[in-house]
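Structure record follows, encoded as structure tokens.
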Amino acid sequence: MTTEVVSEAEVKKEPEKADEQPAAPQQDAEQESEQPAAIQDGDTPRTASPQTDRKSKEARGLSRFLPPWLKRQKSQSRTEPSEDHEDKAPMEEQLEAPPPEEVSPQEAERDESHSIGSADTQPAKEEKGEEFPERIGDGKEEEDLLESKAGEKEDEPLKAEAEAEKSSLKPAKKMKTVTCQVTLLDGSLLPCEVEKRAKGIVLFVKVCEHLNLLEKDYFGLCYKDHADQKCWLDPAKEIKRQIRNCPWQFAFSVKFYPPDPSQLTEDITRYLLCLQLRQDIASGRLPCSFVTHSLLGSYTLQAEMGDHDPDACCLDYISEFQFAPSQSKEMEEKVVELYKTHRGMSPAQADAQFLENAKKLSMYGVDLHHAKDSEGVDIMLGVCANGLLIYKDRLRINRFAWPKILKISYKRSNFYIKIRPGEAEQFESSVGFKLPNHRAAKRLWKVCVEHHTFFRLVTPEQPPKARFLTLGSKFRYSGRTQAQTRQASTLIDRPAPHFERCSSKRLSRSLDGVPGLGMDDQAGATSLGRTPGEKNGRDPALELSSDSKTAGDMEDSQRQKAFEEEVPSSSLLSSTVACTTSVPAAEGAIAVGSPPAAAHVAEKALPRADGPAYSSNDVGKTAEDKQKSDTLEQAEVEIEETVVIKEVRKAPKVEVTVPEVVVTAVTEKEPEKKPGGEAEGRGGEGVTQRGSTSSDSHSESEDEAEYHPQAPSVSVDQIKELPEEEEELEVEAQPLEAEPTAASPCPTTEEQEPALKDEAQNGHPESQSPQGSVEEDEEDEGEPKLNGDASRAETEGFPQVICCSEPPVVKTEMVTISDTFAAQKTEISTLEVPIVHTETKTITYEAAQVDGAGDSEPGMLMTAQTITSESLCTTTTTHITKMLKGGVSETRIEKRIVISGDSDIDHDQALARAIKEAKEQHPDMSVTRVVVHKETEVMEEGKD
Amino acid sequence: MAGLMEDFGNFTHAVVRAIPDSFANEDSRRKKTVEVDLAKAQREHELYIEVLRHQLGLRVLELPADESLPDCAFVEDAAVVCGDTALITRPGSDIRRKETEAVKMVLKEMNLNIVEIDDESATLDGMDVLFTGREFFVGLSERTNQRGAEILADTFKDYAVSVVPVQNGRHLKSFCSMGGPDLIIIGSSEQAQRALKIMKQMSDHRYDKLTVPDDAAANCIYVHLPDKGHTLLHCTPEEFPESAKVFERLKDYLLIPVSNAEKVKVDGALTCCSVLIHKKV
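Protein sequence lines correspond, in order, to chains A and B. Okay, so the first sequence: first residue is 1 according to the numbering used here, each after it adds one. Okay, so the second sequence: first residue is 1 according to the numbering used here, each after it adds one.
Quick look at the structure:
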């Protein structure tokens, strides 16, 4: 209905666009100088910032080695936003529903991300930009590549694409088009004409429009690669580049199985999910017991056939349905028996019941991948909404929930996850799995990245930051997350669309022998293509009377992404094997290189004996990155990427003790200390770059990628920091780049250690096992072991550190004991039954003579800056204010350190260290105020 | 039926078996140092059956004792029943294998779907199987092996089956049991806590836990009675005074202390002595 309008708009805008294009590079230049690090885009030059001049030079120098398309990226990103935005306008007029519903997620996102980029020229649209991280994908690069080849045609593909994305109307005239065959979930075949260079999104949007589907984020298109493996079509990339020479055949499938289908807004979405599950069940991918097969089958009959007709002999036609991979007469009888009991149930209700039962199945939504463990034993890795499941045969032998996973990476055919330390271990461990081949490893990695983002994050991950030149897979999930799609779904305001439920009879039959993908080779696809003739006996209008759902999980929508700046090594690595020609990993090209070492698939705790190099992986890489950047001029190409998972635990999470330290330092000194403070604030990174010795086989050029999932955070502080992000990024470059002199003094290491330990306990909050002793041995500092209860440790441990500051210290203490059982019930993973008390304690130490600094005299605010850094389990927020008071510049630094963990001992140490560190960082400043806010679980058992 | 959680703790029938006189003499698991008073054990057992019958209102199917099978009263090891399906086990101790026959017969008579283990390499003791209502945990112990667990997983396909290593010749349920929907009762020993940690890691679901000082006291029988609601059969204060106190924290529960002092000497925990079945009419 909207299509015509859109196309008009398209035409109308054309001249504008043409005008705009040449202007783009200028804008870039401007922007670069004005807002240096504000934009983290895929292309190197833009990341340059004044503070990291050296790097930018290197990067520029390096850019000579880059293929032209990489450099050209900017100009294009300039042109698109205007186009998209213009396009969207008419759409919005037409539809009352908000734009996200009509515009596909990726598209919407791109719009917005670009609007960041074009902030200077399009201020009006800027506001949206912050919500969505920019997306850069290989797709864009590729597109650019094409573009540059296409020369003067540059405009047209873009326009055509945008047009197609918008409306699926007519393909642009001059473009070659291809007919895609898309197998829908009901087994029918949808021929779709797309322009040959269209991206995945174009086809996907067309299919969704055909299906009249709004909640499309749960779905995707897949194709089979040469090895007959099911692959997801990346919406952000060109179709052609993904499928290569494979036929243009796709299957529309559920990509993310909603854990609670009742929260879907529309019946049509549920219906499609049902269809997918019926396939999954019939193919055996979703195992069920006899009883469940029968029950689900009975709901299928109810949905498709309406009420049981006592006159018709069901058993005649019933065997045409497939309820199970192999079904007995007995099962069919059971199905009919149950079917009879559903009388009066509407198709929508029957679907809902079907889903209510299916969602409880243990393999619901689990995407299985064959692998071998470290001992070469065959296992299966299952990716699901909650994390990664490890199966041996049918048995679950391990599980890694997303919060437990710090990093996901693959390298050649190995897939690694780095695990947050458990209570027993002090350090992270890495678990490696061997996949059949490199492509399988990468596929698994991608699926993990996508699932993590979709289910765990509120907004999609920041794309890899091209601090160093990065090639290789920068793949990130670019669509909407579940939280976003739920949010968007609440806005759906259309009458329930009419749709017809097709009989699954034929579908089931034709699916025989095509497990794993609802799509077959040519012949199979054709046979599937018969239009399903048999409609269910009901008037479609009846389906409107379905139960309405309220979507939008408050809890989810309230979650906020923790922005954090650590990206240790989105870097480049010069390969010993020269591979100037190497292709982005995302394209599947395996950089040659000679992989020497047998892939070390290992399950090991990382060596603690090495002291600072506690996480040898990271250290190695970062160190290497550094080397690389030093020798960048002759560097070739690296294919590696890193993103960081950060889990932030904040105070409200009870059951762990959460001391929160606010160290306020006031002084009247020059701004020199600023960089130090900033660098210091990010202890984690500081450590990361220290161990410059360890590096394993990274120097080979190979296809690998890492992903450090960021976890959502409830932290208000974090949210507040959002606008500051760019600044932080700027800052961060320093410790990574510069020589690790002042940037990372020893204390960082020390800070990190308790942090790690706390983290260890974080994962298993129920345990109270003291484990400080081991840690203690390592301390060179000779910090006395702060044992015993918290308050003692505070009162004793504190002065020791603080003594050299303002002598008179006023201590105030406030202790609250509250029953937070109720709160925990919702919040906390594990809880002590039946009662858990939480003790909240706030202790304030304050210098007796407040030097009138912050509070008494207003002064004039010169600058204010907030930096947040996170290490494993400490979140440090550094707030720096510069005031001008009576001609004297005063800098006030407030650090807020949140330490989450379990054991008192650790916290005290961490606390002491934090203060000490603060003093060391700012020797010329004085500590004026320390507030310790502590929440401790009161152990019931201990008291009995 | 597949309404997975709703039925948790709802039972209609119980299969039990009398304690043979050979019980005190040659128990396969007997720690020779422990003296078992046969008469006392038999009295306990009768009392236990009384509770099932009268306090829980279950229809109790009592099998006669078999003198050749000293441990035959521990019927739980012989079968795992979930929903309409009964998996007849293959106990890890070969002298106990015959115990399954009588149990199988009675379950068959109840029209349950009987699944048997053909695989000679598989062993499975029912006491190693913890069903939480949402999923299974199987202890890999001296009596239960990987293959046995796999067969369990194949039998109850709807549910996740996670494995938990259990050492020291014990069973998984030697130190834990379900105390209600989503509530795991767990002992305090290191082994118990380790197992709990593994279970928590393996599960997508968040379970509450109730920690009791004594491992043996952690083995309880939870039943949801239509009229009385949450009901828990647990150890007596005489046996485990500290642990018994812990159960008092369970509000809204009908608590029924059941003496088990003699049977527990031979690892005959409360759950061991019956197979509970929910049979819809």
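Heads up, the beta-carbon is just placed ideally off N, CA and C, and yes, glycines get one too.
query: Closer than 8 Å to chain B by CB, A/Cys222; result: no
query: CB contact below 8 Å: B/Gln191 versus chain A; result: no
query: Within-8 Å CB hit, A/Asp373 to chain B; result: no
query: Delimiting residues of the beta strand (DSSP E) encompassing B/Ile256; result: 254 to 257
query: Alpha helix (DSSP H) segment containing A/Gln249, residue limits; result: Unbroken run through A/Gln249 is the beta strand (DSSP E), 249 to 254; no alpha helix (DSSP H).
query: Under 9 Å by beta carbon: chain B residues contacting A/Phe290; result: Asp84, Thr85, Asn113, Lys157
query: Sequence-distant residues of its chain with Cβ nearer than 6 Å to A/Lys204 (five each side left out); result: Before going further, note that residue 204 of chain A is Phe rather than Lys in the sequence given. Cβ neighbours of A/Phe204 beyond the five flanking positions: Leu221, Pro235.
query: Coil, strand or helix - B/Thr231 by DSSP; result: strand
query: Assigned secondary structure, B/Arg17 (DSSP; H/G/I helix, E/B strand, else coil); result: strand
query: Interface positions of the segment 51 to 63 of chain B facing chain A (Cβ-Cβ less than 9 Å), listed along the chain; result: none
query: Exposed unless 16 or more other CB atoms sit within 10 angstroms - verdict on A/Arg456; result: buried
query: Beta strand (DSSP E) runs contained entirely in the segment 73 to 114 of chain B, provided each spans 3 or more residues; result: 79 to 82, 85 to 88
query: Length of the line joining the Cα atoms of A/Ile281 and A/Val254; result: 14 Å
query: Minimum C-alpha distance to B/Glu46 - residue among B/Asn260, B/Ile277, B/Lys279; result: B/Asn260
query: Neighbour-count burial assignment, B/Gly229, 16 or more Cβ in a 10 Å radius; result: exposed
query: Simplified DSSP state of A/Arg285, which is helix, strand or coil; result: coil
query: Collapsed DSSP secondary structure at A/Ile492 in the structure displayed; result: coil
query: Which of helix, strand or coil DSSP assigns to A/Cys384; result: strand
query: Coarse secondary structure for B/Gln193, derived from DSSP in three states; result: helix
query: Residues that DSSP places opposite B/Ser177 in a beta bridge; result: B/Ile185
query: Enclosing beta strand (DSSP E) for A/Thr292 [first to last residue]; result: Premise fails: A/Thr292 lies in the alpha helix (DSSP H), 290 to 305, not in any beta strand (DSSP E).
query: Straight-line gap, A/Asp267 to A/Gln302 (C-alpha atoms, nearest Å); result: 15 Å
query: Residue-chain proximity (A/Pro945, chain B), Cβ-Cβ < 8 Å; result: Lying outside 1 to 944, the shown extent of chain A, residue 945 of chain A is not represented and no answer is given.
query: Buried/exposed call for A/Gly306, threshold 16 Cβ in 10 Å; result: buried
query: DSSP state of B/Asp71 mapped onto helix, strand, coil; result: coil
query: Candidates A/Lys176, A/Arg396, A/Lys196, A/His210, of which the one nearest A/Leu185 by Cα; result: A/His210
query: A/Glu450 versus A/Lys442 - alpha carbon distance; result: 12 Å
query: Inter-residue Cα distance where the pair is A/Ile379 and B/Glu239; result: 44 Å
query: A/Gln768 - DSSP class collapsed to helix/strand/coil; result: For A/Gln768, the pLDDT reaches just 39, beneath the cut-off of 50, and the residue's location in the model is therefore unreliable, although a value from the coordinates is still provided. In this structure, A/Gln768 counts as coil in the three-state DSSP scheme.
query: Distance, A/Trp232 Cα to A/His226 Cα; result: 14 Å
query: Where the segment 393 to 409 of chain A meets chain B: residues whose CB sits under 9 Å from a CB there; result: Asp393, Arg394, Leu395, Arg396, Ile397, Asn398, Arg399, Phe400, Ala401, Lys404
query: For A/Asn414, the three-state DSSP class (helix, strand or coil); result: strand
query: Any chain A beta carbon closer than 8 Å to B/Gln42; result: no
query: Spatial distance of B/Cys272 from B/Leu124 (CA atoms); result: 14 Å
query: Closest residue to B/Ile277 among B/Glu101, B/Pro70, B/Ser68, B/Lys108 (Cα-Cα distance); result: B/Lys108
query: C-alpha gap between A/Lys224 and B/Tyr207, whole angstroms; result: 40 Å
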